[in-house]
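> Residue numbers (the numbering used here), protein chains in the order written: chain A, 6 to 314; chain B, 6 to 314.
My questions all concern the structure below.
2 protein chains.
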Amino acid sequence: MSFKIAVMGLGNIGRFAVETLEKMPDGECIGVVRRPESLGRNAISLRNVPDFGSIQDLISAQGRPDAVLVCAPSREVPGQAEELLRAGLCTVDSFDIHARMTEVVDRLGSAALEGKAVAITAAGWDPGSDSVLRALFEAMVPSGVTFTNFGRGRSMGHSVAARAIPGVADATSITIPLGGGRHSRLVYVVPEEGACMDKIRAAIAADAYFASDPLEVREVTAAELPFVADASHGVLLERVGASGLTSNQHLNFDMRINNPALTAQILVSCARAAVRLREKEAFGSYTMIDIPPVLMLPGERMSNVARLV
Amino acid sequence: MSFKIAVMGLGNIGRFAVETLEKMPDGECIGVVRRPESLGRNAISLRNVPDFGSIQDLISAQGRPDAVLVCAPSREVPGQAEELLRAGLCTVDSFDIHARMTEVVDRLGSAALEGKAVAITAAGWDPGSDSVLRALFEAMVPSGVTFTNFGRGRSMGHSVAARAIPGVADATSITIPLGGGRHSRLVYVVPEEGACMDKIRAAIAADAYFASDPLEVREVTAAELPFVADASHGVLLERVGASGLTSNQHLNFDMRINNPALTAQILVSCARAAVRLREKEAFGSYTMIDIPPVLMLPGERMSNVARLV
């Protein structure tokens with residue numbers, strides 16, 4: 006089958022999602038949904054995909070998508086996804102607010118059951134593929150501690166959170182690993198004219214995204230901002246412990262990647278899984294640790310078993 | 006619930022399986038099935054678990070196990086598992102003969118449907134957890150090549166295959182990574198009295214386990230054999246490629262482990278998954294890429310989502 010995918014939002018992730026869908030061997034992007042006032046803008050990012058001011062307009066023109074990639078800022082994701090799910094559309098998102106994870110899984114689960122649809126949430130790299138690795142590592146080595154060491158790189162979630170602080174015109178947040186799963190945050194801020202940097206610093210420090218880590222906030226100009234950070238990122242996941250009664254079992258996962266490109270790719274791979282789960286009438290909400298990995302890959306199950314197992 | 010697990014076979018993996026079950030927080034080993042002539046031997050390896058000459062004897066004494074860990078040499082696994090599945094018992098095994106994988110998944114699938122049971126096959130680290138990683142890596146970075154670099158360490162599958170060669174009293178096969186997913190095999194052989202080492206070399210070289218790799222066979226005495234290899238092993242899984250249209254995405258998994266201890270632990274974690282799949286009446290055969298990772302972990306789904314996602 007050829008999967009028909011829609012993209013909601015043409016921000017950092019949405020743009021990469023459109024690119025990624027261009028290369029999807031078994032699917033295509035049938036349209037982008039964005040704010041009506043943005044229609045027609047950023048034609049290069051649209052890559053010849055039509056854009057629409059609402060999901061209803063997209064459906065009227067292109068038919069129903071098999072799945073919608075919800076590429077909004079995390080705080081807007083649950084509301085947008087719920088609405089789509091109730092209307093019977095499968096959704097995939099990279100919601101990343103850890104403290105609200107089970108609440109969002111529950112909410113999307115109810116909406117998905119109501120619409121007889123499937124939601125895959127937290128489908129990025131952390132949460133997402135890192136979550137799968139943490140689960141797999143615990144199944145392999147149940148006694149021990151996993152350290153998730155992020156970076157060095159720009160955190161999209163933290164950057165968006167910093168930009169939402171009053172007085173901030175633009176911002177970029179860099180995550181620096183300190184070892185042992187601890188991190189510091191280095192936030193470059195372009196203040197709005199007349200804004201007080203001390204107030205901005207205090208507001209960032211109080212935000213849930215930043216409250217638990219060492220923080221440094223640096224003021225930069227709008228012209229400097231593009232040169233202090235790019236999309237490079239990575240993670241080192243480490244687990245040392247025991248399998249059964251046997252200690253000294255060492256597991257390490259080290260990844261160096263373009264951040265939004267990987268997030269967009271995982272959204273697309275999970276869209277494949279979402280549609281397949283709906284075909285089995287396995288309606289509801291899932292995270293990546295809840296889905297069989299084979300469902301994310303193109304091709305038939307048995308050919309992937311033959312190739313990968 | 007407390008999972009009741011039986012272990013079939015008390016070889017290298019079976020012994021570690023008994024140990025691992027001793028530490029399983031939500032289950033226990035209710036018995037070991039072994040050849041009647043072995044009953045009562047290796048009391049230390051049994052760790053106070055009762056042993057039985059047949060699964061029927063085990064069931065008569067202990068009741069039905071929720072799952073049986075089939076810890077036989079790979080070539081005997083499909084036959085043993087089929088019989089258990091037809092009798093309605095869930096099985097987990099670490100069958101590792103790649104060329105026969107889809108045939109065995111099919112065979113166990115038929116038997117499992119007949120017995121309304123669940124089989125998880127190829128549940129070790131390769132095939133097994135490495136298979137999950139290869140699938141996940143492809144979902145993250147669809148364009149590219151994954152190299153699986155084994156070792157340096159003793160391959161249990163290759164050692165068993167070498168021991169089955171006529172004229173071989175005992176043998177150990179060491180896997181040495183050559184880079185780019187290529188390996189050489191170093192086989193230490195204790196010949197039977199009067200056996201011809203040249204014939205043994207030729208027979209090993211012709212065996213399906215060894216036919217495709219550079220091979221060196223060295224003759225050792227029975228006294229020397231325990232000192233040329235232990236249970237240390239590992240793997241380096243490497244993938245470089247593109248997510249969507251974005252190249253230079255680097256994924257690396259590096260693991261250094263006690264080989265049978267990890268295999269036994271994965272069998273135990275998959276036993277948990279098998280019983281849960283049967284509870285959902287999802288009868289049939291599975292490999293590790295076919296199962297949601299969360300099913301392998303103790304505890305409720307939502308508490309693991311809260312902890313790991």
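Think of the CB as a built atom: it goes at the ideal place given N, C-alpha and C, for glycine as much as any other residue.
Check each candidate in B:V222, B:E108, B:G58 and name the one with the smallest Cα separation from M202 (chain B).
Cα-wise, what sits closest to M202 (chain B) is B:V222.
> For K121 (chain B), count the other beta carbons within 10 Å of its own beta carbon; 16 or more makes it buried, fewer makes it exposed. Which is it?
K121 (chain B) is exposed by the Cβ-count criterion.
> Give the straight-line distance between the Cα atoms of V271 (chain A) and A279 (chain A), rounded to the nearest whole angstrom.
Here residue 271 (chain A) turns out to be Ile, not Val, going by the sequence shown. Cα-Cα distance, rounded: 12 Å.
> Once you ignore the five residues that flank A200 (chain A) on each side, which residues in its own chain have a CB closer than 6 Å to its CB?
Correct list, in chain order: G172.
> Any beta carbon of chain A sitting closer than 8 Å to that of S99 (chain B)?
So no, S99 (chain B) is outside the interface.
> Below 8 Å, how does it come out for the region 225-237 of chain B and the region 203-215 of chain B: are there three or more Cβ pairs, yes or no?
These segments do not touch.
> From the DSSP output, in three-state form, read off P298 (chain B) for me.
The answer is helix: DSSP assigns P298 (chain B) an H, G or I state.
> Counting only runs that start and end within the region 195-269 of chain B, where is the alpha helix (DSSP H) found for 4 or more residues in a row?
Counting whole runs of 4 or more residues, the region 195-269 of chain B contains the alpha helix (DSSP H) stretches 202-211.
> For S252 (chain B), which residues in the same chain have their Cβ closer than 6 Å to its Cβ, ignoring the five residues on either side in sequence?
Taken in chain order, the list of residues that qualify is empty.
> At which residues does the alpha helix (DSSP H) containing M161 (chain B) begin and terminate?
Element bounds for M161 (chain B): 161-168.
> With the cut-off set at 8 Å, would you say T180 (chain B) and F155 (chain B) are in Cβ contact?
Taking 8 Å as the Cβ cut-off, T180 (chain B) and F155 (chain B) qualify as a contacting pair.
> Ends of the beta strand (DSSP E) at D175 (chain A)?
Here the beta strand (DSSP E) through D175 (chain A) covers 173-184.
> Using the three-state DSSP reduction, which class does N17 (chain A) fall into: helix, strand or coil?
Reduced to three states, the DSSP call for N17 (chain A) is helix.
> At a Cβ threshold of 8 Å, is S7 (chain B) touching chain A?
So, not an interface residue.
> CA-CA distance, A86 (chain A) and L15 (chain A)?
C-alpha separation (whole angstroms): 16 Å.
> What three-state label does DSSP hand C76 (chain B) in the structure shown?
Of the three classes helix, strand and coil, the one that applies to C76 (chain B) here is coil, per DSSP.
> With 16 as the cutoff for other CB atoms within 10 Å, does A66 (chain A) come out buried or exposed?
It is exposed - the Cβ of A66 (chain A) has fewer than 16 other Cβ atoms within 10 Å.
> With distances taken between CB atoms, is the gap from C76 (chain B) to A22 (chain B) smaller than 8 Å?
It is a contact, given that the beta carbons lie within the stated cut-off.
> In chain A, which residues lie with their C-beta within 7 Å of the C-beta of K285 (chain B)?
Here the premise fails: no neighbours, minimum Cβ distance about 10 Å.
> Any contact of the region 155-167 of chain B with the region 105-118 of chain B, i.e. 3+ C-beta pairs under 8 Å?
Because the criterion of three Cβ pairs below 8 Å is not met, the region 155-167 of chain B and the region 105-118 of chain B do not touch.
> Between the Cα of F258 (chain B) and those of A:I10, A:A247, A:G129, A:E243, spot the shortest distance and give me the residue it belongs to.
Comparing Cα-Cα distances from F258 (chain B) to each of A:I10, A:A247, A:G129, A:E243, the minimum goes to A:E243.
> Shortest alpha-carbon distance to T126 (chain B) belongs to which of B:R312, B:V273, B:L313, B:L302?
When each option's Cα is compared against that of T126 (chain B), the closest is B:V273.
> At which residues does the alpha helix (DSSP H) containing I64 (chain B) begin and terminate?
60-67 is the extent of the alpha helix (DSSP H) around I64 (chain B).
> Which residues of the region 262-277 of chain A have a Cβ closer than 7 Å to any Cβ of chain D? Give them in chain order.
The structure shown has no chain D; the protein chains it does contain are A and B.
> So, at 6 Å on beta carbons, what are the nonlocal neighbours of R80 (chain A) in its own chain, with the 5 sequence-adjacent residues on each side left out?
Excluding positions up to five away in sequence, the list is empty.
> Counting only Cβ pairs nearer than 7 Å, list the residues of chain B close to G249 (chain A).
Here the neighbours are F21, E24, T25, K28, A266, A269, Q270.
> Got a sec: is the Cβ-Cβ distance from E33 (chain A) to anything in chain B below 8 Å?
It does not: the Cβ of E33 (chain A) has no partner Cβ on chain B nearer than 8 Å.
> Just reading off the alpha helix (DSSP H) that S7 (chain B) is part of, what are its end residues?
It is not in any alpha helix (DSSP H) - S7 (chain B) carries neither H nor E in the DSSP assignment.
> With 8 Å set as the bound, which would you pick, yes or no: does the beta-carbon of F155 (chain B) sit closer than that to a beta-carbon of chain A?
For F155 (chain B), the answer is no, since every Cβ of chain A falls outside 8 Å of its Cβ.
> What does the Cβ neighbour count give for S308 (chain B), buried or exposed, with the cut at 16 atoms within 10 Å?
When all chains shown are included, S308 (chain B) counts as exposed.
> For the 8 Å Cβ check, are there 3 or more pairs between the region 292-309 of chain B and the region 129-137 of chain B?
These segments touch.
> Taking all protein chains shown into account, do 16 or more other C-beta atoms lie within 10 angstroms of the C-beta of F8 (chain B), making it buried, or fewer, making it exposed?
Buried is the call here.
> Would you mind sorting F142 (chain A) into buried or exposed? The rule is 16 or more other CB atoms within 10 Å of its CB.
F142 (chain A) should be labelled buried.
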